[in-house]
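So the structure is just underneath, and the comments pick up after that.
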Amino acid sequence: MMNRLVAVLAAATALEPVARRTLLKGVPAAAALATPALAADNALQKTSCFEVIPDSSLALKPKLTPIKPDKCIGGLKAAKALYLGEHHNSLRDHLLQADILRALRRSEPRRPMAVGLEAIQRRFQPVLDDYLRGAIGLEQLEQQTEWSTRWTWPFANYVPVFEAARLNNFELLALNADSEDLGVVEMGGLAGLPNATLAKYIPDRRVFADFTNTTAFREYIAYVVAPSYRSHKEMGILRQTISGQQLKEDMPFKNFYSGRMLWDNSMANTGAVWTRKNPSGLLVSVIGADHVKFGGGVPNRYAYAAGLDLDKVRTVILNPSAVDTAGPQLETLRADAPVPLTLQIRFAAAAGDGGIPVINGD
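Mapped onto the numbering used here, the consecutive letters of the sequence shown carry residue numbers 1223 to 1584.
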């Protein structure tokens, strides 16, 4: 069974079709919406929540249904892992994440819970531990994780998440691959990493190979990762690795893809290790929406690594617009054409059909 996607929205207008011109102007998905109040204690109650019910039949007719915030939390806590897909620069997303953490803790005061952070690279796990035990404050946390060079999105926007985790007895997990290792992969592919280093991120190569050899994964790559690569290429930002090495020509797709796989595997396997140590626990990961949508990035990979059925994983896209769910069709739509909301991409093969479906709900 495919895991359900719960879309948590701050405004119903986020579901309306968006003209491609808006994307081309570089406006972030949440930028055109109202700036939130700084207080986030009741952010969830002021939010419209919708649940996507996928359809595994040949009809491919997923449904989008509204649910109340309390029921939403009930569904989320039934999982072993929850992925909150964010827009990194959106304070509203981070305020909502913080309120979801508080609601989860209120619902289960004694359950082991952890917050996994894409923003923090693995080497800085001791810094997160120091913050949780009160040895350092937020200023030292920002400095000692080298936030300004390794993540760069506004640290202040993430403060509500850090504080909600600390005050509500969550562990904090550094999920992301170290820039030094990712830079090597972007230069020369996965083969460029020493075996011992690669094993930190991909501990079982057979599991890795099995996961990538599925229709669902190939559809995800074609629908999400390949368009992202072409977008990066158009913007002229493929001449430098994440760690700053200059390239003589654009990074080839193979290395871009390999870097993405290292990134996603790092987040998935770090979470899976925590789950195995805490079998009754709930892992809540705050990561970018592209790594969450349609499950093909981190969530399904986590389930595979942790040995869990997909119904033990929940995925959430925070404050989405139709652009968030769009794929290759953005490259062919007229600038003023509406972008349809896509609820599901194919996760099983259809005989004689090699295309990428764009599936809209009711």
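C-beta atoms are modelled at their ideal positions from N, C-alpha and C, and glycine is treated no differently.
Handout entry: Limits of the unbroken beta strand (DSSP E) element including Pro1288
Key = Stepping through the sequence shown from its first residue, residue 1288 is reached at position 66. For Pro1288, the uninterrupted beta strand (DSSP E) run begins and ends at Lys1285 to Ile1289, by DSSP.
8 Å Cβ cutoff met for Tyr1423 and Ser1488:
In the sequence shown, the residue the question calls residue 1423 occupies position 201. In the sequence shown, the residue the question calls residue 1488 occupies position 266. Yes. Within cutoff.
Checklist entry - Which of helix, strand or coil does DSSP assign to Ala1261? => result Your numbering for residue 1261 matches position 39 in the sequence shown. Reliability fails at Ala1261, whose pLDDT of 48 lies under 50, so the model's placement of it is uncertain and the value that follows must be treated cautiously. Coil at Ala1261, not helix or strand.
Problem set entry | Sequence-distant residues of the same chain with beta carbon closer than 6 Å to Asn1379, five excluded per side | As a position in the sequence shown, residue 1379 is number 157, starting the count at 1. For Asn1379, where only same-chain residues beyond five positions count, the Cβ hits under 6 Å are Leu1313 and His1316.
* Quick one, are the C-beta atoms of His1309 and Ala1548 less than 8 Å apart? -> Taking the sequence shown and counting its residues from 1, one reaches residue 1309 at position 87. Taking the sequence shown and counting its residues from 1, one reaches residue 1548 at position 326. No; because the gap between Cβ atoms is not below 8 Å, this pair is not in contact.
Q. The alpha helix (DSSP H) spanning Asn1522 covers which residue range?
A. By 1-based counting over the sequence shown, the position of residue 1522 is 300. Here the alpha helix (DSSP H) through Asn1522 covers Pro1521 to Ala1528.
Helix, strand or coil: how does DSSP classify Met1483 here?
Indexing the sequence shown from 1 puts residue 1483 at position 261. Residue state, collapsed to three classes: helix.
_According to DSSP, is Gly1359 part of a helix, a strand, or is it coil?_
The residue labelled residue 1359 in the question sits at position 137 within the sequence shown. The answer is coil: DSSP assigns Gly1359 none of H, G, I, E or B.
Original post:
Anyone know if the C-beta pair for Ala1341 and Trp1373 falls short of 8 Å?
Top reply: The count along the sequence shown starts at 1 and reaches residue 1341 at position 119. The count along the sequence shown starts at 1 and reaches residue 1373 at position 151. Yes.
Subject >> Straight-line Cα distance separating Asn1491 from Asp1426 >> reply: Taking the sequence shown and counting its residues from 1, the one referred to as residue 1426 is at position 204. Taking the sequence shown and counting its residues from 1, the one referred to as residue 1491 is at position 269. Using only the alpha carbons, I get a separation of about 10 Å.
*Within 8 Å, strictly: CB atoms of Asn1398 and Gln1343*: Indexing the sequence shown from 1 puts residue 1398 at position 176. Indexing the sequence shown from 1 puts residue 1343 at position 121. Against a cut-off of 8 Å, the Cβ pair of Gln1343 and Asn1398 comes out as a contact.
Let me know the secondary structure DSSP gives Arg1568 once reduced to three states. Reading the sequence shown from its first residue, position 346 is the one you call residue 1568. The three-state secondary structure of Arg1568, taken from DSSP, is coil.
Comparing alpha-carbon positions, which option in Asn1435, Gln1319, Thr1463 and Ser1279 lies nearest Glu1408?
As a working mapping, residue 1408 is identified with position 186 in the sequence shown. Measuring from the Cα of Glu1408, the nearest candidate turns out to be Thr1463.
message = Rounded to whole angstroms, what is the Cα-Cα separation between Gly1493 and Tyr1526?
response = Taking the first residue of the sequence shown as position 1, residue 1493 is located at position 271. Taking the first residue of the sequence shown as position 1, residue 1526 is located at position 304. Rounded to the nearest whole angstrom, the C-alpha separation of Gly1493 and Tyr1526 is 11 Å.
Would you tell me roughly how many angstroms separate the C-alpha atoms of Glu1385 and Phe1377, rounded to the nearest one? As a first step, residue 1385 is located in the sequence shown; it is residue number 163 there, counting from the start. As a first step, residue 1377 is located in the sequence shown; it is residue number 155 there, counting from the start. Rounded to the nearest angstrom, the two C-alpha atoms are 12 Å apart.
Boundaries (first-last residue) of the alpha helix (DSSP H) holding Thr1434
The residue labelled residue 1434 in the question sits at position 212 within the sequence shown. Segment Arg1427 to Thr1434, the alpha helix (DSSP H) holding Thr1434.
If you follow the alpha helix (DSSP H) that Phe1384 is in, where does it begin and where does it stop?
Within the sequence shown, residue 1384 is the residue found at index 162, counting from 1. Its alpha helix (DSSP H) spans residues Phe1377 to Leu1389.
Q.
Could you check whether Phe1392 and Leu1442 sit closer than 8 Å to each other, using their CB atoms as the reference points?
A. Along the sequence shown, read from residue 1 onward, the residue named residue 1442 stands at position 220. Along the sequence shown, read from residue 1 onward, the residue named residue 1392 stands at position 170. According to the sequence shown, residue 1442 is Tyr rather than Leu. The answer is no: Cβ separation not under 8 Å.
Quick one: is Lys1302 buried, meaning 16 or more other Cβ sit within 10 Å of its Cβ, or exposed?
-> Along the sequence shown, one-based indexing puts residue 1302 at 80. Classification of Lys1302: buried, given that the 10 Å Cβ count is 16 or more.
Can you tell me whether Arg1482 is buried or exposed? The criterion is at least 16 other CB atoms within 10 Å of its CB, across all chains shown. The residue given as residue 1482 occupies position 260 in the sequence shown. Residue environment: Arg1482 is assigned as buried (16 or more neighbouring CB atoms within 10 Å of its CB, all protein chains considered).
query = Just reading off the alpha helix (DSSP H) that Leu1591 is part of, what are its end residues?
reply = A query on residue 1591 cannot be resolved here, the shown segment of the chain reaching from 1223 to 1584 and no further.
What did DSSP end up calling Ala1256 once you bin it into helix, strand or coil? Taking the sequence shown and counting its residues from 1, one reaches residue 1256 at position 34. Any reading at Ala1256 must be qualified, since the residue scores a pLDDT of 28, below 50, and its modelled position is unreliable; the value itself is stated next. Residue state, collapsed to three classes: coil.
With C-beta atoms as the reference, is Gly1529 less than 8 Å away from Asp1486?
One-based indexing of the sequence shown puts residue 1529 at position 307. One-based indexing of the sequence shown puts residue 1486 at position 264. Cβ atoms of Gly1529 and Asp1486: not closer than 8 Å.
Inset, instruction - Name the two residues that bound the continuous beta strand (DSSP E) containing Arg1536. - result: Within the sequence shown, numbered from 1, the residue matching residue 1536 stands at position 314. Element bounds for Arg1536: Val1535 to Leu1540.
Just tell me which of Lys1285, Gln1467 and Asp1546 has its CA closest to the CA of Val1220.
With the chain represented from 1223 up to 1584, any question about residue 1220 goes unanswered, as that position is not in the structure.
- Is Arg1355 buried or exposed, if buried means 16 or more other CB atoms sit within 10 Å of its CB? Taking the first residue of the sequence shown as 1, we reach residue 1355 at position 133. Counting Cβ neighbours within 10 Å, Arg1355 comes out exposed, since fewer than 16 surround it.
From which residue to which residue does the alpha helix (DSSP H) around Ser1270 run?
-> Taking the first residue of the sequence shown as position 1, residue 1270 is located at position 48. In the DSSP assignment, Ser1270 falls outside any alpha helix (DSSP H) and lies within the beta strand (DSSP E) extending over Ser1270 to Ile1275.
* Asked: Out of curiosity, what's the CA-to-CA distance linking Ser1543 and Cys1294?
  -> The sequence position of residue 1543 within the sequence shown is 321, counting from 1. The sequence position of residue 1294 within the sequence shown is 72, counting from 1. So the alpha carbons of these two residues sit roughly 20 Å apart.
**OP:** Would you mind giving the Cβ-Cβ distance between Leu1484 and Asp1403, rounded to the nearest angstrom? I have them listed as a contact below 8 Å.
**Re:** As a working note, residue 1484 is residue 262 in the sequence shown. As a working note, residue 1403 is residue 181 in the sequence shown. 7 Å between Cβ atoms; contact.
Please name the residue, chosen from Glu1553, Arg1523, Thr1554 and Leu1563, that lies closest to Phe1433 on a Cα-to-Cα basis.
-> As a first step, residue 1433 is located in the sequence shown; it is residue number 211 there, counting from the start. Minimum Cα-Cα distance from Phe1433 among the listed residues Glu1553, Arg1523, Thr1554 and Leu1563 corresponds to Arg1523.
- Query: Can Phe1272 and Pro1288 be called in contact, C-beta distance under 8 Å?
  - Reply: Residue mapping note: residue 1272 aligns to position 50 of the sequence shown, counting from 1. Residue mapping note: residue 1288 aligns to position 66 of the sequence shown, counting from 1. With a cutoff of 8 Å on beta-carbon distance, Phe1272 and Pro1288 are scored as near each other.
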